[in-house]
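Trainee:
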Amino acid sequence: MTADPQAPGADAVYLNLSEVDDNLDLTKNFHARIKVLTEKGKDAATVEIPYVQTGSVSPYIKIEARTIHPDGTVIPLQGEPADLLVEKVGETQFRRKVITMPGVVVGSILEYSYHRKSYFSFPDWSIQRKYLVHKAHYTFRPGLGEADLLWWTVLPPGVTLQRGKDATGTFTLDMTDVPPSPDEEWMPPIASVLYRVVIYRGHGKSVNDFWVPVVKYWSQYVDEFADPSRTIREAVNGLVAPDDSDEVKAKKLYQAVQALDNTDFTRAKDQAERKKLKEKAIKSAQDVWKQKSGNREEIALLYLAMLRAAGLKAYAMRVVDRDQGLFAAGYFSFDQLDDTVVLVTLNGKEVVTDPGEKMCPFMGVSWKHSLATGIRQEDKGGDVATTPMQLYGGNKLVREGQITVDAQGDAKGELTFTMTGQDALRWREAAVLNDLTEVKKEFNDWVGAMVPQGMEASLEQFTGLDNEDVPLKATIAVHGMLGTPLGKRLMLPGEFFDTRGHRPFVGREKRQEPVDMHYGQEISSHVVYELPAGMSVEGAPKDEKIAWPGHAVMIARTSVGAGEVTLTRTMARAFTFVKAEEYQNLRSFYQQVAATDRAEIVVKAGQQAAGQTAAGRQ
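Just so you know, the working numbering puts 161 at position 158 of the sequence shown, and the rest follows in order with no gaps.
#1: I'd like the span of the alpha helix (DSSP H) that includes Ile235, first residue to last.
#2: Use the C-beta contact count for Arg620: other C-beta atoms within 10 angstroms, 16 or more gives buried, fewer gives exposed.
#3: Measure the alpha-carbon distance for Tyr198 versus Ala139 and round it to whole angstroms.
#4: Strictly by DSSP, which residues pair up with Pro325?
#5: Name the two residues that bound the continuous alpha helix (DSSP H) containing Ala259.
#6: Using the Cβ count rule (16 or more neighbours within 10 Å means buried), how would you classify Tyr122?
#7: Give me the residue from Val92, Ile52, Gln56, Pro105 with the minimum Cα distance to Thr76.
#8: Going by alpha carbons, who is nearest to Val89 out of Ser116, Tyr115, Ile52, Gln81?
#9: For Arg204 versus Glu114, is the C-beta distance shorter than 7 Å?
#10: Is the region 397 to 416 touching the region 521 to 532 in the sense that three or more CB pairs, one from each, lie closer than 8 Å?
#11: In chain order, what residues of the same chain have a beta carbon less than 7 Å from the beta carbon of Ala583, not counting five sequence neighbours either side?
#12: Beta carbon of Thr421, beta carbon of Lys476: below 7 Å?
#13: With the cut-off set at 7 Å, would you say Val408 and Leu329 are in Cβ contact?
#14: Do the CB positions of Ala288 and Leu310 come within less than 7 Å of each other?
#15: Exposed or buried, His137, counting other C-beta atoms within 10 Å across all chains shown (16 or more means buried)?
#16: Closest to Asp386 by C-alpha separation, out of Leu135, Val260, Lys219, Gly367, would be which residue?
#17: Spatial neighbours of Ala602 within its chain, please: CB distance less than 7 Å, with the 5 preceding and 5 following residues excluded, ordered by chain position.
#18: Apart from the five residues on each side of it in sequence, which residues of its chain come closer than 8 Å, Cβ to Cβ, to Gln425?
#19: Quick one, which of His554, Arg572, Val556 has its alpha-carbon nearest Tyr562's?
#20: Val556: which of Val568, Asp212, Leu589, His529 sits nearest, CA to CA?
#21: Could you pull out every residue in the same chain whose Cβ sits closer than 6 Å to the Cβ of Phe446, ignoring the five residues on either side in sequence?
#22: So Lys31 packs on Arg119, CB below 8 Å; how close in whole Å?
#23: Quick check: what's the CA-CA separation for Thr419 versus Glu187?
#24: Let me know if Pro231 comes out buried or exposed under the rule of 16 or more other beta-carbons within 10 Å of its beta-carbon.
#25: Here's the rule: buried if 16 or more other CB atoms are within 10 angstroms of the residue's CB, otherwise exposed. What is Thr502?
#26: By Cβ distance below 8 Å, which residues in the same chain neighbour Glu227 in space, the five residues on each side in sequence not counted?
#27: Taking 7 Å as the cut-off, decide whether the C-beta atoms of Val531 and Glu567 are in contact.
#28: Can you tell me where the alpha helix (DSSP H) with Asn32 in it begins and where it stops?
#29: Express the C-alpha separation of Phe143 and Gly314 in angstroms, rounding to a whole number.
#30: Since Gly447 is in the alpha helix (DSSP H), which residue starts that stretch and which ends it?
#31: Could you pull out every residue in the same chain whose Cβ sits closer than 8 Å to the Cβ of Ile112, ignoring the five residues on either side in sequence?
#32: Do Met320 and Arg379 have their beta-carbon atoms positioned less than 7 Å apart in this structure?
#33: Just to confirm my understanding: we take His554, look at its own chain, exclude 5 residues before and 5 after, and list those with CB closer than 7 Å. What are they?
#34: Keeping to the same chain, check which residues put their C-beta closer than 8 Å to that of Gly12; ignore five residues upstream and five downstream.
#35: When you compare only the Cα positions, how much space is there between Gln405 and Glu417?
#36: I need the straight-line Cα distance from Trp292 to Gly359, nearest angstrom please.
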């Protein structure tokens with residue numbers, strides 16, 4: 004067996020997989036058998052087993068594995084697995100054991116299992132794997148006194164989680180031919196689209212039964228933390244003037260909290276450091292202001308307290324991080340909510356602000372917190388709500404360039420990128436989190452994927468990197484082979500940017516999952532080619548306008564002047580989400596855009612220039 008009719012082209016398949024979680028004897032048992040179908044499928048021989056360690060004592064984990072060759076030869080795993088630290092948070096270590104099964108060939112069966120003496124926990128089963136699973140079996144046996152459990156599932160039609168009538172109410176799930184996890188461009192967060200089962204301890208029998216009291220208790224906590232105390236009022240009075248407009252007040256206070264040490268972007272102080280600095284644990288907005296430091300949640304609530312102290316109408320809203328997941332009202336867990344934004348009424352209109360997001364400009368919001376659902380405060384109580392979508396006009400990337408080309412197609416020049424909105428926020432936050440040398444490397448890779456094949460890009464400087472209230476500008480040097488000489492002619496790309504980069508959606512005919520492009524955006528380009536002396540344009544791309552009404556438009560123009568060609572292009576994409584059933588319209592638009600990327604400019608040498616070129620090559 005080196006192919007599976009139920010998984011055409013697959014590199015491997017799971018023959019069977021089982022997981023048994025038991026809270027009665029605190030164990031987890033996992034077993035899997037994988038059939039290797041191709042050379043690439045041999046990658047399945049490396050397996051990672053994650054676990055959590057608290058303190059210095061590792062949990063007991065027994066691992067067994069073997070490779071079974073097509074002729075029946077069995078090669079058992081020898082030696083101890085590698086034990087790697089992934090992340091450490093306080094006394095908690097997130098670790099993984101890594102094994103690689105030996106002697107794998109195409110046609111082998113990889114079999115491995117592990118037994119873990121576990122801690123008390125509830126299962127979160129991600130049912131879909133990298134490869135198709137022919138038979139999957141999951142079991143969870145609750146401990147005594149765990150009868151009132153809740154569960155949330157994302158499963159295909161006709162498949163349900165079963166609960167037995169035994170003493171503890173054992174849960175079971177059996178599935179056959181589970182498709183592999185989807186792998187498509189610009190998908191929503193993978194945790195939101197995979198088949199999944201979460202069993203947890205909670206309360207509530209309906210959406211209102213759970214979320215109404217949760218909003219109430221959370222709102223009470225917010226009001227207590229964000230109490231505009233005397234210290235907060237004195238701070239506000241020192242930051243704003245009585246005759247400032249509401250918008251000016253809100254902006255001044257926003258800039259003040261943005262200037263504080265945001266420990267989610269630096270490093271939180273541990274208990275020993277706080278004791279040495281005589282700082283107490285943060286329990287209120289007043290503590291954040293006194294210590295000039297806090298995490299994103301604490302800084303957001305400090306801003307809320309200051310707005311209220313200034314007499315402005317303001318509320319908190321707790322939302323999911325849209326880069327991590329989507330809100331599920333039927334999953335009765337507050338833990339799915341990640342971050343806090345602040346809603347303030349200015350000039351009669353409620354505005355969303357993102358003070359906990361370092362370097363996010365006033366009245367700007369990280370895309371992760373736009374079109375994000377969660378819970379919010381209101382005049383009377385609160386409710387489930389969703390933040391507005393990003394307007395594409397607020398996210399702009401303007402790319403300008405002056406490129407000098409010689410008769411052999413070699414080119415050099417300078418580019419200027421001007422960014423507002425999400426691109427600017429991305430690079431400013433990167434500069435806060437990383438060394439500038441690393442940021443420069445990442446930026447060069449980003450730009451390098453945009454310029455034509457044969458060209459190299461190198462960042463010379465940023466302007467406005469530490470000031471979120473101005474556009475971020477980047478000056479970039481480029482050089483390399485731009486054109487292709489063909490006798491007396493020189494072929495130049497009809498679009499300088501994005502000819503090398505991969506256009507999304509063009510190569511895939513069908514779509515399984517929705518498209519999530521994070522935010523709308525407007526990208527414009529203006530590039531001038533300075534042509535070699537004695538050469539003129541023989542042919543140039545025609546002007547194009549490609550539209551997907553109500554969603555996106557691309558306009559491209561080519562202007563020919565004396566000794567130069569000017570390429571102008573604007574791509575405006577107003578949409579964020581697209582349903583799978585709309586995919587063909589989306590694909591058709593990007594196919595047309597990709598076709599314009601391939602257009603070329605034909606430059607021809609005059610008689611004298613051609614003779615000079617030939618002489619130069621002899």
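Note that the Cβ used here is the ideal one computed from N, Cα and C, for glycine as well.
Mentor: Taking the geometry as given:
#1: 233 to 242
#2: For Arg620, the predicted structure reports a pLDDT of 33, less than 50, and the residue's modelled location is therefore unreliable. A value from the coordinates is still provided. Exposed: under 16 other Cβ atoms inside 10 Å.
#3: 12 Å
#4: Checking the displayed sequence, the identity of residue 325 turns out to be Arg instead of Pro. For Arg325, which the question treats as bridged, DSSP gives no partner whatsoever.
#5: 249 to 261
#6: exposed
#7: Pro105
#8: Ile52
#9: no
#10: yes
#11: Arg514, Gln515, Glu516, Pro517
#12: yes
#13: no
#14: no
#15: buried
#16: Lys219
#17: Gly497, Glu498, Pro544
#18: Ser369, Trp370, Gln393, Asn398, His521, Tyr522, Gln524
#19: Checking the displayed sequence, the identity of residue 562 turns out to be Ser instead of Tyr. Among His554, Arg572, Val556, the Cα nearest to that of Ser562 belongs to Arg572.
#20: Leu589
#21: Leu462
#22: 5 Å
#23: 32 Å
#24: buried
#25: buried
#26: Ser287
#27: yes
#28: Asn32 -> not in any alpha helix (DSSP H); beta strand (DSSP E) instead, spanning 30 to 39.
#29: 53 Å
#30: The question names Gly, yet the displayed sequence has Asn at residue 447. Residues 439 to 451.
#31: Leu18, Arg36, Ile37, Lys38, Val39, Thr70, Ile71
#32: yes
#33: Ala577, Phe578
#34: none
#35: 6 Å
#36: 14 Å
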